[in-house]
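Heads up: the structure comes next, in structure tokens.
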Amino acid sequence: MHIRHAEIADAEELACLLNSVIAEGGKTAIDTPLTGSEFAAWFITGPHCICCIVAEADSGILGFQSLERFHDDLPQDMADIATFVTDRVRGSGIGRGLSQATSAIAEEAGVQHVRAVIQRSNEDAIAYYRSVGFEGDDASSSTKGSVTLIRSTPCVGDARNAMP
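Structural data, given as structure tokens:
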């Protein structure tokens, strides 16, 4: 597996991956499939985007993780994270590798805290985020349908060496 920054040329393949997760249901709050150009604007090139990284193998892109400041309610030192991994490789460490790389990028960008807002029904995603150091779920930041977890950026080992 190789982790690298997403490029515009990846947008169609990444949109297909995201759209397959959307089709599974219950895994993301995004409920409408995106085109490649919409994906690029949401995750790669938009003014709110900090980074979008991909995990790939010879077979293609296996997953991606984005870090962004789309929501106006975020403090300046915080950003939102989203992780999407194709169903055939979930649980294989792809998410952990993406998390380490994103943590290094977040630190370099001055992001001190990363927020994950997860559908309460998505127990696998909640377990994943907790396994990589996210904590919380206080009533003020969660809703009936979602769980909010937060991690400080320096808490993932030596993340600085995660990206080439």
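Counted the way numbering that gives the first Met the number 0 counts, the sequence shown spans residues 0 to 163. All C-beta atoms in this analysis are idealised placements derived from N, C-alpha and C, irrespective of residue type, glycine included. Since the structure is predicted, the reported quantities are computational estimates derived from the model, not experimental observations.
With distances taken between CA atoms, residue 34 lies nearest to 19 out of 48, 19, 28 and 25.
At least 8 Å separates the beta-carbon of residue 17 from that of residue 5.
Comparing alpha-carbon positions, the option among 106, 0, 11 and 98 lying closest to residue 124 turns out to be 98. DSSP places residue 151 within a strand segment (E or B) once states are collapsed to three. Remark: three or more beta-carbon pairs, one from each stretch, lie closer than 8 Å, so the region 76–85 and the region 102–110 are flagged as touching. Take residue 151, set aside five residues on each side of it, and the residues of its chain with a beta-carbon closer than 6 Å to its own are 112, in chain order. Ranked by Cα distance from residue 118, the first of 143, 129 and 106 is 143. The C-beta of residue 8 has fewer than 16 other C-beta atoms within 10 Å across all chains shown, which makes the residue exposed.
Per DSSP, the beta bridge partners of residue 115 are 148. Beyond the five residues adjoining it in sequence on each side, residue 145 comes within less than 8 Å, by CB distance, of 28, 116, 117, 118 and 119 in the same chain, given in chain order. Beta-bridge analysis with DSSP links residue 20 to no other residue. Counting of Cβ neighbours within 10 angstroms places residue 31 among the exposed residues, the total staying below 16.
By the CB criterion at 8 Å, residue 24 and residue 121 fall outside the cutoff. Sequence-distant Cβ neighbours of residue 69 in its own chain, meaning closer than 8 Å and more than five residues away, are 45, 47 and 79. Using a 10 angstroms sphere on the CB of residue 65, the tally of other CB atoms reaches 16 or more, which defines it as buried.
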